[in-house]
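If you're matching them up, the sequences are chains A and B in order.
Count the first sequence with our numbering and you get residues 48 to 382, in order.
Count the second sequence with our numbering and you get residues 48 to 382, in order.
Reading through the structure tokens given below for one structure.
Protein chains: 2
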Amino acid sequence: MARSGAATIVDVARLAGVSPAAVSKVIRGAYGVSPSMRERVEAAIEQLAYRPRVAARAMRGSTFSIGIELPHPGYHFFTTILQGATAALGHTRYQPIVVPTATEAERDGRALDLLADRQVDGIVAVSPLVSPDRLERLAARIPVVLLGRHDRTASYDTVTGDDVEGTRQVMKHLLGLGHRRIAYLVQEGQAAMPGIRTPQETRMEQYLEHMHRAGLGAAARVVRTVDGDVVPESAVEALLAPERPTAILVGRHELALEMLQAVTARGLDVSVAGYDDTCLAGHPAISLTCVDQDGVEMGAKAIRLLLERIGGRTEAAHLTVEPTLKARASTRPVR
Amino acid sequence: MARSGAATIVDVARLAGVSPAAVSKVIRGAYGVSPSMRERVEAAIEQLAYRPRVAARAMRGSTFSIGIELPHPGYHFFTTILQGATAALGHTRYQPIVVPTATEAERDGRALDLLADRQVDGIVAVSPLVSPDRLERLAARIPVVLLGRHDRTASYDTVTGDDVEGTRQVMKHLLGLGHRRIAYLVQEGQAAMPGIRTPQETRMEQYLEHMHRAGLGAAARVVRTVDGDVVPESAVEALLAPERPTAILVGRHELALEMLQAVTARGLDVSVAGYDDTCLAGHPAISLTCVDQDGVEMGAKAIRLLLERIGGRTEAAHLTVEPTLKARASTRPVR
DNA sequence: TTGAAAGCGCTAACAA
DNA sequence: TTGTTAGCGCTTTCAA
Numbered sequence: 048m049a050r051s052g053a054a055t056i057v058d059v060a061r062l063a064g065v066s067p068a069a070v071s072k073v074i075r076g077a078y079g080v081s082p083s084m085r086e087r088v089e090a091a092i093e094q095l096a097y098r099p100r101v102a103a104r105a106m107r108g109s110t111f112s113i114g115i116e117l118p119h120p121g122y123h124f125f126t127t128i129l130q131g132a133t134a135a136l137g138h139t140r141y142q143p144i145v146v147p148t149a150t151e152a153e154r155d156g157r158a159l160d161l162l163a164d165r166q167v168d169g170i171v172a173v174s175p176l177v178s179p180d181r182l183e184r185l186a187a188r189i190p191v192v193l194l195g196r197h198d199r200t201a202s203y204d205t206v207t208g209d210d211v212e213g214t215r216q217v218m219k220h221l222l223g224l225g226h227r228r229i230a231y232l233v234q235e236g237q238a239a240m241p242g243i244r245t246p247q248e249t250r251m252e253q254y255l256e257h258m259h260r261a262g263l264g265a266a267a268r269v270v271r272t273v274d275g276d277v278v279p280e281s282a283v284e285a286l287l288a289p290e291r292p293t294a295i296l297v298g299r300h301e302l303a304l305e306m307l308q309a310v311t312a313r314g315l316d317v318s319v320a321g322y323d324d325t326c327l328a329g330h331p332a333i334s335l336t337c338v339d340q341d342g343v344e345m346g347a348k349a350i351r352l353l354l355e356r357i358g359g360r361t362e363a364a365h366l367t368v369e370p371t372l373k374a375r376a377s378t379r380p381v382r
Numbered sequence: 048m049a050r051s052g053a054a055t056i057v058d059v060a061r062l063a064g065v066s067p068a069a070v071s072k073v074i075r076g077a078y079g080v081s082p083s084m085r086e087r088v089e090a091a092i093e094q095l096a097y098r099p100r101v102a103a104r105a106m107r108g109s110t111f112s113i114g115i116e117l118p119h120p121g122y123h124f125f126t127t128i129l130q131g132a133t134a135a136l137g138h139t140r141y142q143p144i145v146v147p148t149a150t151e152a153e154r155d156g157r158a159l160d161l162l163a164d165r166q167v168d169g170i171v172a173v174s175p176l177v178s179p180d181r182l183e184r185l186a187a188r189i190p191v192v193l194l195g196r197h198d199r200t201a202s203y204d205t206v207t208g209d210d211v212e213g214t215r216q217v218m219k220h221l222l223g224l225g226h227r228r229i230a231y232l233v234q235e236g237q238a239a240m241p242g243i244r245t246p247q248e249t250r251m252e253q254y255l256e257h258m259h260r261a262g263l264g265a266a267a268r269v270v271r272t273v274d275g276d277v278v279p280e281s282a283v284e285a286l287l288a289p290e291r292p293t294a295i296l297v298g299r300h301e302l303a304l305e306m307l308q309a310v311t312a313r314g315l316d317v318s319v320a321g322y323d324d325t326c327l328a329g330h331p332a333i334s335l336t337c338v339d340q341d342g343v344e345m346g347a348k349a350i351r352l353l354l355e356r357i358g359g360r361t362e363a364a365h366l367t368v369e370p371t372l373k374a375r376a377s378t379r380p381v382r
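Dropping the structure here:
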């Protein structure tokens, strides 16, 4: 019953006294329409408040939509990417449609299937937990750009932050401040998928690598926390006792803020650094040191790659966005 | 060319040795299918990795999708609503599809049209800047739930925070702390649409009302800032000089955090309170007093109303969610 | 420059 | 219980 009474292309054609095919041409701005006909058709469209159905269009042509798989809409960094992507789509014919995934479990690719079922013209997937195999099969049918994944195949494009460089910067910063017992907090699930190189995984590996190179392999300590928005008390305890670190590096922004809170609440002199920046990290009362990634640029780049692919490019492209260390008061020289 | 080689219902039917209609019935779980046929069809679906196109389905039946118009994905409160809505949709047959709107200008209803063009089965619109007229026309075709708008019509349902009560609570709190010169910061565009009762507008009116009732009508001061994420220096100046208020009430969370920052940076003893809560407001280093609205519940309620409408309810429903004042350190007794 | 006709993949009546 | 049939609203050859 939805749209029951709504005008169709046939109604418009009838009112304008032309064929449906002619209306279709006007709508699409296709070649070979006389100005007088265009005018009459446009008047009829206006009068009937006609809008083409995406579904009917999809049956033959293109939907002119770009699907965006967006994990954890509550995480600031991801919405930043969305903003960049949406803005980049601004003046194209393409519309963004977003399928949110709330839990790690949902990032298994079902959202990508849903987008494919909608016959979107391209897909931006934000570090999905899907095997390269499956992504290649998808990319064979629809252009796909992966955000944040470090795997490189010929079938899909990627945009990644330089996690090696980012981790290098923050580790250099911490080591330079004299820290030796540096611990690492990572969120379970993000680093645990075999065959997939997530940012989380890369950063953790690099942390271990830097500890090792600094001769601190024995002091390295990785604490894993569950999926979710809070750092459970047990993880905090595991992190802060008994050989308490002087600095903690955290794999995700929101958790870094939590850790900072936990440390502050306990009155401890433990430095905390994280990944990704928000205006809140820069708030003087918080002042969290972090590796800033330009999410807006990443989103915009992803769209650019997608449009290029839709436009016909066939060889794969892999873009990297350089992170910047924002050193703030949450990291201090070790006493 | 997208999906070019993908299997259709005819392919499945052929492989299973049945009619396309039979496959359709199996897919939809429709009545009157023998177990043996179901089994064969399911095997064929599996083998061909068949997935029904949403578009083809939409041509006759339902798309089983709920459209969500989401303004400002970067604002925490809005993503909270999205989370509630997505979770509520979790175990239904319906899928959420989100169309983000980035600027105030985009909230004029074009996103709603895009969703209607996709023949979604229902629409959740988060305080869109669209006239009741136009919404009624839309709601005549598709069930619509408005979030945050205070207009009440018979054609669409609404879910709103109790902004009268919320403002009452925070004003009572500030007045109780001895504040008399209380200023109000509101974002331009949000309160300026004729005929539409946005939360922003209601809150501002209530602020004025409470000032008036407290005999402080002359001390009331409303400063408007432009659309965007920052409070421009000029607005800060306008707010803090020359008859500096002892407290500032801010219409939107992100701006409240900014104001708090500006006040702190200047070392002034000015209380700041806002609307909406985040974990960051509760961070001990920030400790921003605010009126907390349960966004998750609002999102969930919106979906519930929508499903009821889809299920056949015809009379309008208007739900209210009660806010809670979270009094924190950013508001102190006036010296 | 315009129109007629075919068909995209699916569902819903209706027949068998 | 199963299959046949007739579209849904649009785009796209191909003729006129």
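The beta-carbon is built from N, C-alpha and C at its ideal position, and this holds for glycine as well.
None of the values given here were measured: they were computed from a predicted structure.
- No Cβ-Cβ contact shorter than 9 Å links GLN308/A with ALA201/B.
- Beyond the five residues adjoining it in sequence on each side, THR293/A comes within less than 6 Å, by CB distance, of HIS226, ARG228 and VAL381 in the same chain, given in chain order.
- Nearest C-alpha to GLN216/A among ILE243/A, GLU284/A, PRO370/A and ASP198/A: PRO370/A.
- Boundaries of the beta strand (DSSP E) harbouring GLU116/A: 112–118, taken from the DSSP string.
- For ILE333/A, the neighbours in chain B by C-beta distance under 9 Å run, in chain order, LEU327, HIS330, ALA332 and ILE333.
- PRO99/B sits in coil when the DSSP states are folded into three classes, being neither helix nor strand.
- For the stretch 120–185 of chain A, the continuous beta strand (DSSP E) assignments of 3+ residues that do not extend past its boundaries occur at 142–148 and 169–173, in sequence order.
- Within chain B, the residues placing a beta-carbon under 7 Å from that of ARG100/A are ASP164 and GLN166, ordered along the chain.
- TYR231/A sits buried, since 16 or more C-beta atoms from the chains shown fall within 10 Å of its C-beta.
- DSSP places GLN340/A outside both helix and strand once states are collapsed to three, so it counts as coil.
- Think of a sphere of 8 Å around the beta carbon of PRO143/A: the chain B residues whose beta carbon falls inside it are VAL146 and PRO147, in chain order.
- Between GLN142/B and SER109/B, the CB-CB gap reaches or exceeds 9 Å.
- Here ASP204/A carries a strand assignment [DSSP, helix/strand/coil].
- Taking 8 Å as the cut-off between beta carbons, the residues of the stretch 119–134 of chain A near chain B are PRO120, GLY121, HIS123, THR126, THR127, LEU129, GLN130, THR133 and ALA134, in sequence order.
- Rounded to the nearest angstrom, the Cβ distance from GLN166/B to ARG98/A is 11 Å, too far for a contact under 8 Å.
- DSSP places TYR231/B within a strand segment (E or B) once states are collapsed to three.
- Interface with chain B (9 Å Cβ-Cβ cutoff): THR110/A is included.
- Any Cβ of chain B closer than 9 Å to the Cβ of ASP180/A would place that residue at the interface, and such an atom is absent.
- In the DSSP assignment, GLY223/B falls within the unbroken alpha helix (DSSP H) covering 210–223.
- Against chain A, a Cβ distance below 8 Å from ALA312/B picks out PRO331.
- In this structure, ILE189/A and ILE170/A form a Cβ contact; the two beta carbons are roughly 6 Å apart against a cut-off of 8 Å.
- When 9 Å is used as the limit between beta carbons, ASP160/B is near these residues of chain A: ARG98, in chain order.
- Around the Cβ of THR378/A, a 10 Å sphere holds 16 or more other Cβ atoms; the residue is buried.
- Unbroken beta strand (DSSP E) runs of no fewer than 3 residues, entirely contained in the stretch 318–376 of chain A, are found at 318–322, 336–339, 365–368 and 371–373, following chain order.
- Burial is judged here by how many other beta carbons sit within 10 angstroms of a residue's own beta carbon; GLN234/A has at least 16 and is buried.
- GLY213/A counts as buried, since at least 16 other C-beta atoms from the protein chains shown sit within 10 angstroms of its C-beta.
- Nearest CB-CB separation between MET345/A and chain B: not below the 9 Å threshold.
- Secondary structure note for THR249/B: its alpha helix (DSSP H) is the uninterrupted segment 246–260.
- For LEU304/A, the neighbours in chain B by C-beta distance under 9 Å run, in chain order, CYS326, LEU327 and HIS330.
- For LEU307/A, at least one C-beta of chain B is nearer than 9 Å to its own C-beta.
- Here the stretch 152–164 of chain B makes no contact with the stretch 125–137 of chain B; the two share fewer than three CB pairs at distances below 8 Å.
- With a 10 Å radius around the Cβ and a threshold of 16 neighbouring Cβ atoms, ARG360/A comes out exposed.
- Among the residues of chain A, those whose CB is under 7 Å from the CB of ALA53/B are ARG188, following chain order.
- Under the three-state reduction of DSSP output, LEU194/B falls in the strand class.
- In the three-state scheme derived from DSSP, where H, G and I count as helix and E and B as strand, ARG268/B is classed as strand.
- Interface with chain A (9 Å Cβ-Cβ cutoff): LEU117/B is included.
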